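What follows is one structure encoded as structure tokens, with my remarks underneath.
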């Protein structure tokens, strides 16, 4: 099977259905810019080669917005990821466990740069969005918490304010997955992890969202400087997931990695 076909199949294996949730957008300093309820619905033909997506947004003042797209494996599945009709530059890369990213593999100078990183656990998922301006400055972040199916699947809180800084305690171990820009995949690697050993790079800031979600990203994308965007999700006291996109000095995607771990001590 072609790597691009496998990548397409992995995403739709996990993400079909209606995802109900809430979007909250924040300024670069953490103030709420807007929040609204949403449903993102994905349906497919029997062999999952054609996809229909409908996004519905419902605001507290009664306003509503609906967006719809259609895309297919023949038109939108590429050797560097699958495209979305809303953006010719962005690509989707998907892992075997449902984690995924939307990003631009080769960032363009003086262009807006957007990232969305997904983590999921069965019928619960969240994604974190990050948007940079034409000058590379961080404009806003977003936390999107969703569930699929029965309302009992929804274990997200109703909190929307960012929380005080905190640390992920203890020692963790588990598995690391990695996808390269050409969609080749590394063998599963064992991993051991501690928060204090995973130090922020220069120019990086942590953003602390509700429900034990942390975004770590640059405050500004600097020309000629490598960088990473990382999301941490402590889904339970003893369960942790991370996803990271690494870029090199030429603003090219190096790799996307995902870790699923359990606490061993602390």
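Residue numbers (my numbering): 394 to 659.
The C-beta atom is built at its ideal place from N, Cα and C for all residues, glycine as well.
Note that the structure is a prediction, hence the values are computed from the model and not measured.
- Assigned with DSSP and collapsed to three states, residue 590 falls in helix.
- Annotation note: the region 445-528 contains the following uninterrupted alpha helix (DSSP H) runs of length 4 or greater, listed N- to C-terminal: 466-469.
- Straight-line spacing of the CA atoms in residue 425 and residue 417 works out to 7 Å.
- The Cβ atoms of residue 403 and residue 521 do not sit closer than 8 Å to each other.
- Just measuring C-alpha positions, the residue of 518, 528, 634 and 622 sitting nearest residue 600 is 622.
- By the criterion of a C-beta distance shorter than 7 Å, residue 647 is surrounded in its chain by 639, 640 and 641, once the five residues flanking it on both sides are discounted.
- Along the length of the region 615-652, whole alpha helix (DSSP H) runs at least 4 residues long do not occur.
- Here residue 599 carries a strand assignment [DSSP, helix/strand/coil].
- When 422, 555 and 613 are compared, the shortest CA-CA separation from residue 604 is found for 555.
- DSSP, read as helix, strand or coil, puts residue 408 in helix.
- Boundaries for residue 579: no beta strand (DSSP E) harbours it, and the DSSP string shows neither H nor E there.
- A distance below 8 Å separates the beta carbons of residue 534 and residue 419.
- Judged by beta-carbon spacing, residue 434 lies beyond the 8 Å limit of residue 444, meaning their Cβ atoms are not closer than that value.
- Taking a contact to require three or more Cβ pairs closer than 8 Å, the region 556-575 and the region 458-466 do not qualify as touching.
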